[in-house]
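This report concerns only the one structure given below.
Listed below in structure tokens is the structure:
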């Protein structure tokens with residue numbers, strides 16, 4: 001009797017789980033009308049009421065009798081989901097085939113209503129804004145990165161923006177006056193103007209640390225990426241020749257651009273923030289001192305459109321490798 005009851009219980013339990021594990025019977029409206037290739041970065045739409053109970057499916061739900069749930073979507077909230085295919089059913093419903101960027105083995109079809117495109121915000125100075133030294137680039141790096149990775153992009157770069165400062169151009173103001181509630185990724189790219197304006201390195205360190213702490217506290221879902229300043233060129237006081245800022249103190253202060261980059265890098269490291277260090281790529285971007293004449297529109301600081309495009313490719317690859 002115990003064996004029979006146990007068997008009966010198992011049968012009922014199995015039947016109760018079946019609807020959760022498999023799709024319903026295929027109807028004419030649930031069949032796939034078309035499938036297209038896409039390249040987008042998506043994330044869970046937390047405002048969607050069904051997102052908490054949604055799943056990854058082996059086929060778009062209802063389109064195939066063999067469709068099975070493979071993973072629960074709620075376990076990957078705030079993760080970067082790479083979409084490679086979009087299927088439209090005859091009913092008009094859309095599904096994306098995605099994989100989790102930080103765990104590619106987790107993949108499947110997800111109803112589009114439970115997803116939204118990821119949002120990328122770029123904080124920084126005139127290089128983020130796209131100034132070439134003579135005009136504005138037609139395609140600054142934030143727009144190119146967004147297009148490459150399939151994210152929306154917002155460029156908050158401001159000419160003369162600094163880490164240390166209380167104007168609308170600077171880091172603190174732009175963090176305090178922008179809501180990152182619906183954003184997923186932010187790059188922080190300040191520093192060269194702090195070098196030019198003789199900001200004390202201890203102030204740079206303290207301000208950057210404070211603002212990162214504020215961001216992480218208020219927006220724990222936000223993926224923060226540091227971008228250290230690209231090298232530039234300054235006039236040597238004695239020779240009048242342009243020399244590398246990386247190894248040259250500017251004006252009366254006693255530190256080089258490399259000193260400032262090291263300070264910023266230490267702050268990002270203390271928060272376990274992934275950081276793109278242009279020093280790793282400057283041999284490629286600025287191979288010689290004379291290269292400044294073609295790399296920079298003003299021959300010393302602001303990249304040309306061609307250089308911005310090269311920088312965009314590097315940053316896009318870096319983000320693709322490091323976004324969770």
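Residue numbers (full-length UniProt numbering): 1 to 324. Positions of the beta carbon are idealized from the N, C-alpha and C atoms, including for glycine. Computed from a predicted model, the values in this text were never measured in an experiment.
Selection from 318, 292 and 298 that minimises the alpha carbon distance to residue 135:
What you label residue 135 is simply residue 135 of the chain shown in a count that begins at 1. Nearest to residue 135 by C-alpha distance, out of 318, 292 and 298, is 298.
Going along the chain, which residues of its own chain have a beta-carbon closer than 6 Å to the beta-carbon of residue 153, five neighbours each way excluded?
Taking the first residue of the chain shown as position 1, residue 153 is located at position 153. Only 120, 142, 143 and 146 meet the Cβ criterion.
Are the beta-carbon atoms of residue 192 and residue 164 separated by less than 8 Å?
For this step, residue 192 is matched to residue 192 along the chain shown. For this step, residue 164 is matched to residue 164 along the chain shown. It is not a contact, given that the beta carbons lie outside the stated cut-off.
Cut-off 6 Å between Cβ atoms - residues of its own chain near residue 88, not counting five sequence neighbours on either side
If you number the chain shown from 1, residue 88 lands on position 88. Cβ within range, chain order: 33, 34 and 94.
Does the separation of the CB atoms of residue 56 and residue 42 fall below 8 Å?
Here residue 56 is taken as the residue at index 56 of the chain shown, counted from 1. Here residue 42 is taken as the residue at index 42 of the chain shown, counted from 1. By the CB criterion at 8 Å, residue 56 and residue 42 fall outside the cutoff.
From what residue to what residue does the beta strand (DSSP E) around residue 69 run?
In the chain shown, residue 69 corresponds to position 69, counting from 1. Taken as a continuous stretch (DSSP letters only), the beta strand (DSSP E) holding residue 69 covers 69-72.
Evaluate residue 67 with the Cβ neighbour count: other Cβ atoms within 10 Å of its Cβ, from every protein chain shown; 16 or more gives buried, anything less gives exposed.
The residue given as residue 67 occupies position 67 in the chain shown. Buried.
What separation, rounded to the nearest whole angstrom, lies between the Cα atoms of residue 83 and residue 39?
On the chain shown, residue 83 is found 83 positions in, with the first residue counted as 1. On the chain shown, residue 39 is found 39 positions in, with the first residue counted as 1. Roughly 6 Å between the two C-alpha positions.
Check this for me: beta carbons of residue 149 and residue 225, under 8 Å apart or not?
To locate residue 149, count along the chain shown from 1; it is residue 149. To locate residue 225, count along the chain shown from 1; it is residue 225. Cβ atoms of residue 149 and residue 225: not closer than 8 Å.
Sort 317, 139, 54 and 129 by Cα distance to residue 113 and report the nearest one.
Locating residue 113 in the chain shown gives position 113, where the first residue counts as 1. For the residues 317, 139, 54 and 129, the minimum Cα distance to residue 113 belongs to 54.
Report the three-state DSSP secondary structure of residue 211 (helix, strand or coil).
For the purposes of this step, residue 211 is taken as the residue at position 211 of the chain shown. When secondary structure is reduced to three states using DSSP, residue 211 falls in the helix class.
So residue 186 and residue 222 are supposed to be a Cβ contact under 8 Å. How far apart are they, rounded?
Locating residue 186 in the chain shown gives position 186, counting from the first residue. Locating residue 222 in the chain shown gives position 222, counting from the first residue. At roughly 6 Å, the Cβ-Cβ gap stays under 8 Å, so residue 186 and residue 222 are in contact.
What residues in its chain sit with their C-beta under 6 Å from that of residue 274, if we drop five residues either side in the sequence?
As a working mapping, residue 274 is identified with position 274 in the chain shown. Excluding residues within five positions, the ones whose Cβ falls inside 6 Å are 225 and 322.
Check residue 175 in the structure and name its three-state DSSP category.
What you label residue 175 is simply residue 175 of the chain shown in a count that begins at 1. Note: residue 175 maps to helix in three-state DSSP.
Are residue 214 and residue 247 close, meaning C-beta to C-beta below 8 Å?
Mapped onto the chain shown, residue 214 falls at position 214. Mapped onto the chain shown, residue 247 falls at position 247. Cβ distance not < 8 Å, so residue 214 and residue 247 don't count as in contact.
Please report the distance separating the alpha-carbon of residue 11 from that of residue 36.
Translated into positions along the chain shown, residue 11 becomes position 11. Translated into positions along the chain shown, residue 36 becomes position 36. Low confidence applies here, because residue 11 scores a pLDDT of 38, under 50, leaving its location unreliable; read the following figure in that light. Whole-angstrom Cα-Cα distance: 41 Å.
Would you report the Cα separation of residue 20 and residue 77, rounded to the nearest angstrom?
Your numbering for residue 20 matches position 20 in the chain shown. Your numbering for residue 77 matches position 77 in the chain shown. Low confidence applies here, because residue 20 scores a pLDDT of 45, under 50, leaving its location unreliable and the question unanswered by this model.
For residue 199, which three-state DSSP category applies?
Numbered from 1 along the chain shown, position 199 holds the residue referred to as residue 199. If DSSP states are grouped into helix, strand and coil, residue 199 belongs with coil.
Close Cβ partners of residue 301 (< 6 Å) along its chain, the five nearest in sequence each way excluded
The residue you call residue 301 lines up with position 301 of the chain shown. Cβ neighbours of residue 301 within its own chain (closer than 6 Å, five residues either side excluded): 232.
Indicate the three-state DSSP secondary structure (helix, strand or coil) for residue 59 in the structure shown.
Counting from 1 along the chain shown, the entry for residue 59 is found at position 59. When secondary structure is reduced to three states using DSSP, residue 59 falls in the coil class, being assigned neither helix nor strand.
Is the beta carbon of residue 230 closer than 8 Å to that of residue 207?
Position 207 of the chain shown, counting from 1, holds the residue named residue 207. Position 230 of the chain shown, counting from 1, holds the residue named residue 230. Against a cut-off of 8 Å, the Cβ pair of residue 230 and residue 207 comes out as no contact.
Leaving aside the five residues before and after residue 107 along the sequence, list all residues of the same chain whose C-beta is less than 8 Å from its C-beta, in chain order.
Here residue 107 is taken as the residue at index 107 of the chain shown, counted from 1. Counting only Cβ-Cβ distances below 8 Å, and skipping sequence neighbours, we find 56, 70, 97, 98, 99 and 100.
Through-space distance from residue 25 to residue 315, alpha-carbon basis
Mapped onto the chain shown, residue 315 falls at position 315. Mapped onto the chain shown, residue 25 falls at position 25. The alpha-carbon atoms of residue 315 and residue 25 are separated by roughly 46 Å.
Are the CB atoms of residue 162 and residue 194 nearer to each other than 8 Å?
Counted from its first residue, the chain shown places residue 162 at position 162. Counted from its first residue, the chain shown places residue 194 at position 194. Taking 8 Å as the cut-off, the beta carbon of residue 162 is found closer than this to the beta carbon of residue 194.
Span separating the alpha-carbon of residue 60 from that of residue 219
As a first step, residue 60 must be located in the chain shown, where it is residue number 60. As a first step, residue 219 must be located in the chain shown, where it is residue number 219. Straight across, the Cα-Cα distance linking residue 60 with residue 219 is about 33 Å.
Suppose the cutoff is 6 Å on Cβ atoms and the five residues either side in sequence are ignored; what does the same chain contact list for residue 52 look like?
Start at 1 with the first residue of the chain shown, and residue 52 comes out as number 52. Short of 6 Å from the beta carbon of residue 52, and not among the five residues preceding or following it, lie these beta carbons of its own chain, in chain order: 74.
What whole-angstrom Cβ distance do residue 189 and residue 133 have, given they're in contact under 8 Å?
By one-based count along the chain shown, residue 189 stands at place 189. By one-based count along the chain shown, residue 133 stands at place 133. So it is not a contact: roughly 17 Å between Cβ atoms.
DSSP puts residue 296 in a beta bridge; with which residues?
Residue numbering aside, residue 296 sits at position 296 when the chain shown is read from its first letter. Residue pairing for residue 296: DSSP places it in a beta bridge opposite 303.
Would you list the residues sitting across from residue 325 in a DSSP beta bridge?
The question about residue 325 has no answer, for the chain in this structure spans 1 to 324.
Would you identify the three-state DSSP class for residue 39, choosing helix, strand or coil?
As a working mapping, residue 39 is identified with position 39 in the chain shown. In the structure shown, residue 39 falls within a strand segment according to DSSP collapsed to helix, strand and coil.
DSSP three-state call for residue 51: helix, strand or coil?
Here residue 51 refers to the residue found at position 51 of the chain shown. If DSSP states are grouped into helix, strand and coil, residue 51 belongs with the helices.
Could you give the first and the last residue of the continuous alpha helix (DSSP H) run that contains residue 228?
One-based indexing of the chain shown puts residue 228 at position 228. That residue, residue 228, is in no alpha helix (DSSP H); it is neither H nor E in DSSP.
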